[in-house]
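Please read the structure below before turning to the comments.
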């Protein structure tokens, strides 16, 4: 996703949002590939993928669950965030303005 953001001049948030929604599947595949490449050597992925980074192998072998954010018992959830996650969240918030208008 960083490649997509860094290589285009979007002019405004609405153009960027349109790009993301028109190419959602491709972007999700790219994000999964980046995650697998970055984390291939972790204990968790080594257990399921044995050092490989094949997306289809991941989809077939790694148990997944639906995750949601929000509250837990009425208290806001604390969600760990890396610098990269923070940058993406900041970008998401800038996209709200053109959509709301």
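Residue numbers (the working numbering): 5 to 105.
C-beta: ideal position from N, C-alpha, C; glycine also.
Computed from a predicted structure; not experimentally measured.
Quick check on the burial criterion: 16 or more other C-beta atoms within 10 angstroms. Buried or exposed for residue 90? Taking the chain shown and counting its residues from 1, the one referred to as residue 90 is at position 86. Counting the other Cβ atoms within 10 Å of the Cβ of residue 90 gives fewer than 16, which makes it exposed.
Any contact between the stretch 32-50 and the stretch 15-23? By contact I mean 3 or more CB pairs, one from each, below 8 Å. Counting Cβ pairs under 8 Å, fewer than three are found: no touch.
Reduced DSSP category for residue 44 - H, G, I as helix; E, B as strand; rest coil: To locate residue 44, count along the chain shown from 1; it is residue 40. It is coil, neither helix nor strand.
With distance defined between alpha-carbon atoms, name the residue in 16, 17, 66, 25 nearest to residue 36. Within the chain shown, residue 36 is the residue found at index 32, counting from 1. When only C-alpha atoms are compared, the closest one is 66.
What is the DSSP secondary structure of residue 119, counted as helix, strand or coil? Only positions 5 to 105 of the chain appear in this structure, which leaves residue 119 out of reach.
Start-to-end residues for the alpha helix (DSSP H) that takes in residue 19: Position 15 of the chain shown, counted from the start, is the residue given in the question as residue 19. For residue 19, the enclosing alpha helix (DSSP H) has its first and last residue at 17-26.
For residue 53 and residue 94, what's the separation of their Cα atoms in angstroms? Locating residue 53 in the chain shown gives position 49, counting from the first residue. Locating residue 94 in the chain shown gives position 90, counting from the first residue. A straight-line Cα-Cα distance of about 32 Å links residue 53 and residue 94.
Going by alpha carbons, who is nearest to residue 39 out of 57, 25, 50, 47? On the chain shown, position 35 is the one that residue 39 refers to. Selected option, being the one with the closest Cα: 57.
Using a Cβ-Cβ cutoff of less than 6 Å, which residues in the same chain neighbour residue 96 once the five nearest sequence positions on both sides are dropped? Your numbering for residue 96 matches position 92 in the chain shown. Nothing listed; no residue qualifies.
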